[in-house]
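Every letter in the sequence shown is one number past the one before it in my numbering, and letter 195, counting from 1, is 199.
For every residue, glycine included, the Cβ atom is placed at its ideal position computed from N, Cα and C.
Notes to accompany the following structure.
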Amino acid sequence: MTTYSTVAILYILLQILSLVLLSCLMCTILKSKPYFTKWTLFQICITAFGSGLTNLPVVVIYGDDLVKRAYDNPLCMILQKFSLFFIYPFEFFSCALSFYLWYALVKKDLDIEKKCFRYVSIISWVYTTVYNGILLKFAIKETNWGVYASSLNCRTSKLAESFYGYIITSSISAFLAILMSCHSAFILYRRWSHFATIKNRRTAIRLGEAVRSCAWCFVFVISLAIPLVPRAIQRENDPSKNNTIAVISGFGSASVGTFLFLIFGTNTKAAYFLPCYYAPPDKLRFTMPDEELPRMPDACLKSNVDNEYRFSNKDSYNTLYEDYDINIGSSNNICLM
5 MTTYSTVAIL YILLQILSLV LLSCLMCTIL KSKPYFTKWT LFQICITAFG
55 SGLTNLPVVV IYGDDLVKRA YDNPLCMILQ KFSLFFIYPF EFFSCALSFY
105 LWYALVKKDL DIEKKCFRYV SIISWVYTTV YNGILLKFAI KETNWGVYAS
155 SLNCRTSKLA ESFYGYIITS SISAFLAILM SCHSAFILYR RWSHFATIKN
205 RRTAIRLGEA VRSCAWCFVF VISLAIPLVP RAIQRENDPS KNNTIAVISG
255 FGSASVGTFL FLIFGTNTKA AYFLPCYYAP PDKLRFTMPD EELPRMPDAC
305 LKSNVDNEYR FSNKDSYNTL YEDYDINIGS SNNICLM
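Quick look at the structure:
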């Protein structure tokens, strides 16, 4: 009779919960109107779902005997190879989402995903296909195809190519994501502080997808760093010698779907744990429509050599940056009161 430890039961329940929530989230995304980072988020959900689905069966079938019985049949090895196929696209798409958010905030261009989505998708899936093909070529020469069984799932780390490929790629992804996420968070914090000080409901923050994306970027970096840091420091090429790393990594991957749903699964606020001013992501824009603008606030404008007028006001209706650029076609200084 198969037995399950408390850790295994918690892992199974968390993995099932994540898969169910990811299924709901993907249905919600498909039914929603087009919005900023929609299809990048959808591919993140697909890769997270694929990784979770391939990690679940072996622990359910073998329970506490997974380490002993993993090699009775090729199921463990086959599922591990499929799981590895989804890891790098998950990292690449999450890192790409960090870039899209940062670029939109800095360059004020919400079309960045449309411009890059096709190239990012092709590069991500081609890379993981080629890389895993190369690993498979080396793995077939190893015992059990270089796969080892931890207490929760099957993993590949006995291959030096797999270990250093994981460390280098994941470290670069985490480093780039944390840099862009911190800068994005700083910009969004300034916007939040600005409107929180004004306390004007007419200028309710239209952060929409920006808040969600920023929250996910930090969750992604943390989930990536938790198993990455100890493995990189210890240079542990075979984590079967250190089951703690394998358990932490297993629970981290099993939690991804739950966090994705908590952040992106609601349309009434920025996230289930981030109640604040909010507009649905398909309504995200840098400026409010003309019909929504109330009385023009007090502002002073000064022309430059190009007859371009620029002003900053304390009751700005722009949610992601402070200054307006407008052309009036006059060379005189104007003061609106």
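Q: Assuming Val225 contacts Ser185 (C-beta within less than 8 Å), just tell me the rounded distance between them.
A: In the sequence shown, the residue the question calls residue 225 occupies position 221. In the sequence shown, the residue the question calls residue 185 occupies position 181. Sure, about 6 Å apart at Cβ, within 8 Å.
**Q.** For Phe263 and Ser223, believed in contact at Cβ under 8 Å, the rounded distance
**A.** Taking the first residue of the sequence shown as 1, we reach residue 223 at position 219. Taking the first residue of the sequence shown as 1, we reach residue 263 at position 259. The sequence shown places Val at residue 223, not Ser. Confirmed, about 5 Å.
Q | Per-residue DSSP class, three states only, for Tyr168 | A | Locating residue 168 in the sequence shown gives position 164, counting from the first residue. Residue state, collapsed to three classes: helix.
Q) Which word fits Arg194, buried or exposed, when buried means at least 16 other C-beta atoms lie within 10 angstroms of its C-beta? A) Indexing the sequence shown from 1 puts residue 194 at position 190. Taking all protein chains in view, the Cβ of Arg194 is surrounded by fewer than 16 other Cβ atoms within 10 Å, so the residue is classified as exposed.
(Q) So, does the segment 60-77 touch the segment 92-104, judging by three or more C-beta pairs under 8 Å? (A) These segments do not touch.
Q. Hey, how far is the Cα of Val251 from the Cα of Trp196?
A. By 1-based counting over the sequence shown, the position of residue 251 is 247. By 1-based counting over the sequence shown, the position of residue 196 is 192. The alpha-carbon atoms of Val251 and Trp196 are separated by roughly 38 Å.
Q) Taking DSSP as the reference, what is the three-state secondary structure of Tyr152? A) In the sequence shown, the residue the question calls residue 152 occupies position 148. Three-state DSSP puts Tyr152 in a strand.
Q) If we count the other Cβ atoms within 10 Å of its Cβ and call it buried at 16 or more, is Gly254 buried or exposed? A) Residue mapping note: residue 254 aligns to position 250 of the sequence shown, counting from 1. With a 10 Å radius around the Cβ and a threshold of 16 neighbouring Cβ atoms, Gly254 comes out buried.
(Q) Distance check for Ser9 and Met81, CA to CA, integer angstroms please. (A) On the sequence shown, residue 81 is found 77 positions in, with the first residue counted as 1. On the sequence shown, residue 9 is found 5 positions in, with the first residue counted as 1. Take the alpha-carbon of Met81 and the one of Ser9: they are about 23 Å apart.
Q. What residue from Ile116, Ile138, Leu88, Trp149 has the CA that sits closest to Ser55's CA?
A. The count along the sequence shown starts at 1 and reaches residue 55 at position 51. Per the Cα distances, Leu88.
Q: Check Ala275 in the structure and name its three-state DSSP category.
A: Start at 1 with the first residue of the sequence shown, and residue 275 comes out as number 271. Reduced to three states, the DSSP call for Ala275 is strand.
Q) How many Å lie between Phe86 and Asn157 at the Cα? A) To locate residue 86, count along the sequence shown from 1; it is residue 82. To locate residue 157, count along the sequence shown from 1; it is residue 153. Approximately 13 Å between the Cα atoms of the pair.
Q. So what does Cys186 bridge to, in DSSP terms?
A. Taking the sequence shown and counting its residues from 1, the one referred to as residue 186 is at position 182. Note: Cys186 sits in no beta bridge, so no partner.
Q: Verify whether the separation of the beta carbon atoms of Trp106 and Ser22 is less than 8 Å.
A: In the sequence shown, the residue the question calls residue 106 occupies position 102. In the sequence shown, the residue the question calls residue 22 occupies position 18. Against a cut-off of 8 Å, the Cβ pair of Ser22 and Trp106 comes out as no contact.
(Q) Quick check on Arg314: buried or exposed, where buried means 16 or more other Cβ atoms within 10 Å of its Cβ? (A) Your numbering for residue 314 matches position 310 in the sequence shown. Residue confidence for Arg314 is low, a pLDDT of 47 falling below 50, so the modelled location carries little weight; the figure read from the coordinates is stated next. Looking at its Cβ environment, which holds fewer than 16 other Cβ atoms inside 10 Å, Arg314 is exposed.
(Q) Measuring only the C-alpha atoms, how far is Val64 from Leu192? (A) The count along the sequence shown starts at 1 and reaches residue 64 at position 60. The count along the sequence shown starts at 1 and reaches residue 192 at position 188. The alpha-carbon atoms of Val64 and Leu192 are separated by roughly 43 Å.
Q) Would you call Asn136 buried or exposed, if buried means 16 or more other Cβ atoms sit within 10 Å of its Cβ? A) Here residue 136 refers to the residue found at position 132 of the sequence shown. Buried, since its Cβ has 16 or more Cβ neighbours within 10 Å.
Q: Within the same chain, show all residues whose beta-carbon is closer than 6 Å to that of Ser125, passing over the 5 residues directly before and after it, in chain order.
A: Here residue 125 corresponds to residue number 121 of the sequence shown, with the count starting at 1. Hits under 6 Å: none found.
Q: Please go through the same chain and pick out, in chain order, the residues whose beta-carbon is closer than 7 Å to the beta-carbon of Pro231, but skip the five residues on each side of it.
A: Taking the first residue of the sequence shown as 1, we reach residue 231 at position 227. Excluding sequence positions up to five before and after Pro231, its CB lies within less than 7 Å of the CB of Ile249, Ile252, Ser253, Gly256, all in the same chain and listed in chain order.
**Q.** Top-ranked residue by Cα proximity to Leu114, from Asn148, Pro38, Pro93, Leu139
**A.** Looking up residue 114 in the sequence shown gives position 110. Nearest of Asn148, Pro38, Pro93, Leu139 to Leu114, Cα basis: Pro38.
Q.
What does the Cβ neighbour count give for Pro93, buried or exposed, with the cut at 16 atoms within 10 Å?
A. Counting from 1 along the sequence shown, the entry for residue 93 is found at position 89. Counting C-beta atoms within 10 angstroms of its own C-beta, Pro93 has 16 or more neighbours from the protein chains shown and is therefore classed as buried.
**Q.** CB of Glu95 within 8 Å of CB of Ser174, strictly
**A.** Your numbering for residue 95 matches position 91 in the sequence shown. Your numbering for residue 174 matches position 170 in the sequence shown. Yes.
**Q.** Same chain only: Cβ atoms within 6 Å of Phe409, ignoring 5 sequence neighbours per side
**A.** The structure shown does not extend to residue 409, since the chain spans only 5 to 341, so no value can be given for it.
Q | DSSP beta-bridge partners of Cys158 | A | To locate residue 158, count along the sequence shown from 1; it is residue 154. Checking the DSSP bridge columns, you'll see Cys158 partnered with Ala153.
Q. Roughly how many whole angstroms lie between the Cα atoms of Phe265 and Cys31?
A. As a first step, residue 265 is located in the sequence shown; it is residue number 261 there, counting from the start. As a first step, residue 31 is located in the sequence shown; it is residue number 27 there, counting from the start. Looking at the two C-alpha atoms, the distance is approximately 12 Å.
Q: Grab the span of the alpha helix (DSSP H) containing Tyr66 for me, first residue to last.
A: On the sequence shown, residue 66 is found 62 positions in, with the first residue counted as 1. Bounds of the alpha helix (DSSP H) holding Tyr66 are 42-66.
Q.
Can you give me the C-alpha to C-alpha distance between Trp220 and Arg159, rounded to a whole angstrom?
A. Against the sequence shown, residue 220 aligns to sequence position 216. Against the sequence shown, residue 159 aligns to sequence position 155. Here the C-alpha atom of Trp220 lies approximately 25 Å from the C-alpha atom of Arg159.
Q. Are Phe268 and Leu29 close, meaning C-beta to C-beta below 8 Å?
A. Here the question's residue 268 lines up with position 264 in the sequence shown. Here the question's residue 29 lines up with position 25 in the sequence shown. The criterion of a C-beta distance shorter than 8 Å is satisfied by Phe268 and Leu29.
Q) What are the start and end residues of the alpha helix (DSSP H) that includes Tyr1? A) Residue 1 lies beyond the range of the chain shown here (5 to 341); nothing can be said about it.
**Q.** Between the CA atoms of Thr44 and Val260 - distance to the nearest angstrom
**A.** Looking up residue 260 in the sequence shown gives position 256. Looking up residue 44 in the sequence shown gives position 40. In this structure, the alpha-carbon of Val260 lies about 16 Å from that of Thr44.
(Q) Since Ile48 and Lys42 should fall inside the 8 Å C-beta cutoff, what is the C-beta to C-beta distance between them, to a whole number of angstroms? (A) If you number the sequence shown from 1, residue 48 lands on position 44. If you number the sequence shown from 1, residue 42 lands on position 38. Contact between Ile48 and Lys42 does not hold, since the beta-carbon distance rounds to 11 Å and is not under 8 Å.
Q | Ala178 beta carbon less than 8 Å from that of Ala108 | A | One-based indexing of the sequence shown puts residue 108 at position 104. One-based indexing of the sequence shown puts residue 178 at position 174. Their beta carbons are not under 8 Å apart, which means Ala108 does not touch Ala178 by this criterion.
(Q) What does the Cβ neighbour count give for Asn77, buried or exposed, with the cut at 16 atoms within 10 Å? (A) Within the sequence shown, the letter at position 73 stands for residue 77. Label assigned to Asn77: exposed.
Q. Helix, strand or coil: which one does DSSP assign to Val251?
A. As a working note, residue 251 is residue 247 in the sequence shown. Helix.
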